[in-house]
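Since the structure comes first, as structure tokens, the remarks are kept for the end.
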Amino acid sequence: MVELERRISGDWIEAREAAADQYTLSKFFQLTPERLHDIARSLRLCVEEGVLEYKGALLRPVFISLEAMQYQSVSFVELELHDRPLENLLFVILLQRLVCSGVITLSKGRTVISIPTEAIGVNAILADIKQRIRLSADFQKHPAVKNIFVQVTIYQKEKKKMEDLLPTIKEDKSDTFRGNFQEVFQKIFDSIRKNYADLLAEEEARRLEQEGQSDILYRASLKSLVPLLNDQAKEVSRLRSTLAFARSDKYKTRAVLVSVFKDKAFFLALMDKENLAYARLCAELGRKSGLDCPPALGKRLGGELVRVLEKLARVEAPPQVG
Numbered sequence: 007m008v009e010l011e012r013r014i015s016g017d018w019i020e021a022r023e024a025a026a027d028q029y030t031l032s033k034f035f036q037l038t039p040e041r042l043h044d045i046a047r048s049l050r051l052c053v054e055e056g057v058l059e060y061k062g063a064l065l066r067p068v069f070i071s072l073e074a075m076q077y078q079s080v081s082f083v084e085l086e087l088h089d090r091p092l093e094n095l096l097f098v099i100l101l102q103r104l105v106c107s108g109v110i111t112l113s114k115g116r117t118v119i120s121i122p123t124e125a126i127g128v129n130a131i132l133a134d135i136k137q138r139i140r141l142s143a144d145f146q147k148h149p150a151v152k153n154i155f156v157q158v159t160i161y162q163k164e165k166k167k168m169e170d171l172l173p174t175i176k177e178d179k180s181d182t183f184r185g186n187f188q189e190v191f192q193k194i195f196d197s198i199r200k201n202y203a204d205l206l207a208e209e210e211a212r213r214l215e216q217e218g219q220s221d222i223l224y225r226a227s228l229k230s231l232v233p234l235l236n237d238q239a240k241e242v243s244r245l246r247s248t249l250a251f252a253r254s255d256k257y258k259t260r261a262v263l264v265s266v267f268k269d270k271a272f273f274l275a276l277m278d279k280e281n282l283a284y285a286r287l288c289a290e291l292g293r294k295s296g297l298d299c300p301p302a303l304g305k306r307l308g309g310e311l312v313r314v315l316e317k318l319a320r321v322e323a324p325p326q327v328g
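Residues in the sequence shown are numbered from 7 upward in steps of one, following the working numbering.
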């Protein structure tokens with residue numbers, strides 16, 4: 007069908023040319039902040055395999071509908087319902103390609119590590135810090151350690167001030183007086199715990215890096231995924247264009263849909279190829295188990311896409327240079 011091939015080719019050329027950067031791409035698909043947030047929310051819910059899980063969740067329902075239409079009348083309403091998800095899928099693949107190609111800079115060079123310290127007593131923190139200093143005097147030069155001792159000094163001054171003023175406070179106002187100082191003390195304790203948490207997180211990040219477990223996005227050769235993602239985007243664009251053509255040219259709809267359904271295995275194999283590519287990257291990194299690394303890579307890519315989507319939702323145009 008010449009008309010169909012022309013539609014497929016034209017749609018793909020337009021999408022490919024718009025995918026030079028994330029701002030042009032978002033504008034091309036006319037994505038509102040609300041829709042960008044919706045896509046980010048859906049990606050965030052894919053906790054098993056990340057971006058791969060998201061792609062499969064959008065692609066499989068299309069073929070479930072097409073299979074049903076092999077044996078019953080074609081539902082143009084149902085076909086139209088798949089257009090938005092397929093557009094989202096195409097957008098996410100092209101966005102992922104921008105991330106993997108390096109056009110979109112990755113967020114940070116190492117995994118963000120959060121270590122809770124709320125349950126640790128301030129005295130226990132100070133005891134640990136003093137013990138570390140006894141083992142290595144240079145430890146007291148660490149910025150977090152310096153900040154902790156600054157807070158200790160502030161606490162001592164505030165406590166002395168409270169004790170000096172307390173005898174002059176009327177009895178009916180003493181509770182309020184003490185309460186005000188308790189708020190000050192709590193802020194000091196929170197600051198001590200935060201600095202201690204930063205110190206522990208830094209040490210943990212260093213340990214993980216020494217063990218070769220630093221952020222997988224920075225260790226994996228993401229650029230090797232670009233050709234695969236390009237093929238993936240091209241085929242999803244073809245699928246979307248074909249379904250749109252089938253809705254508009256109702257005389258040839260069934261023949262077109264039958265042809266698309268025959269390619270079900272081909273389209274689903276696109277996800278399998280990406281998973282195999284993840285496994286190959288993991289093997290190159292020495293993660294040969296194949297059990298946890300590919301899903302971890304998919305989840306990290308999904309998390310990075312969520313970050314980009316949420317940033318896009320906050321801006322209406324690319325930053326101006328000069």
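Glycine residues also receive a C-beta, built at the ideal position from the N, C-alpha and C atoms.
Query: Name the two residues that bound the continuous alpha helix (DSSP H) containing Gln238.; Result: Val232 to Ser254
Query: Using alpha carbons as the reference points, say which of Phe272, Tyr202 and Leu42 lies closest to Asp134.; Result: Tyr202
Query: Rounded to whole angstroms, how far is the Cβ of Phe263 from the Cβ of Leu72, which I believe are closer than 8 Å?; Result: The identity of residue 263 in the sequence shown is Leu, whereas the question assumes Phe. With 8 Å as the limit, Leu263 and Leu72 qualify as a contact, their Cβ atoms being about 6 Å apart.
Query: Within its chain, find whatever has a CB closer than 8 Å to the CB of Glu93; leave out the 5 residues flanking it on each side and keep chain order.; Result: Phe35 and Arg246
Query: Measure the beta-carbon distance from Glu86 to Arg244 and round it to whole angstroms, keeping in mind my assumption that it falls under 8 Å.; Result: Contact flag wrong, Cβ pair sits at about 18 Å.
Query: Okay, do the stretch 127-144 and the stretch 169-180 touch, 3+ Cβ pairs below 8 Å being the bar?; Result: no
Query: CB-CB under 6 Å to Met168, same chain, minus the five flanking residues each way: which ones, in chain order?; Result: Phe187
Query: Could you check if Arg172 is buried or exposed, using at least 16 other CB atoms within 10 Å of its CB as the buried criterion?; Result: The amino acid at residue 172 is misidentified as Arg; the sequence shows Leu. Burial call: exposed.
Query: Let me confirm a value: Phe251 is counted as buried when at least 16 other C-beta atoms fall within 10 Å, else exposed. Which label applies?; Result: buried
Query: Starting from Cys299, trace the alpha helix (DSSP H) both ways and give me its first and last residue.; Result: Cys299 to Arg320
Query: Taking only three categories from DSSP, how would you classify Lys179?; Result: helix
Query: On the CB-based measure, 16 or more other CB atoms within 10 Å of its CB, does Leu307 come out buried or exposed?; Result: buried
Query: From the DSSP output, in three-state form, read off Thr2 for me.; Result: What the structure shows of the chain is the stretch from 7 to 328, and residue 2 is not part of that stretch, so it cannot be assessed.
Query: Whose C-beta lies closer than 6 Å to the C-beta of Ser197 among residues of the same chain, with five residues either side of it excluded?; Result: Gln157
Query: By Cβ distance below 8 Å, which residues in the same chain neighbour Leu205 in space, the five residues on each side in sequence not counted?; Result: His148, Ala150 and Val151
Query: By how many angstroms is the C-alpha of Leu65 removed from the C-alpha of Asp89?; Result: 11 Å
Query: For Ala25, which of Ala46, Arg13, Val83 and Arg103 has the nearest alpha-carbon?; Result: Arg103
Query: Rounded to the nearest angstrom, what separates Val314 and Asp181 at their Cα positions?; Result: 49 Å
Query: Using alpha carbons as the reference points, say which of Ala261, Asp298, Glu310 and Glu84 lies closest to Leu228.; Result: Glu310
Query: Does Lys166 come out as helix, strand or coil in the three-state DSSP assignment?; Result: helix
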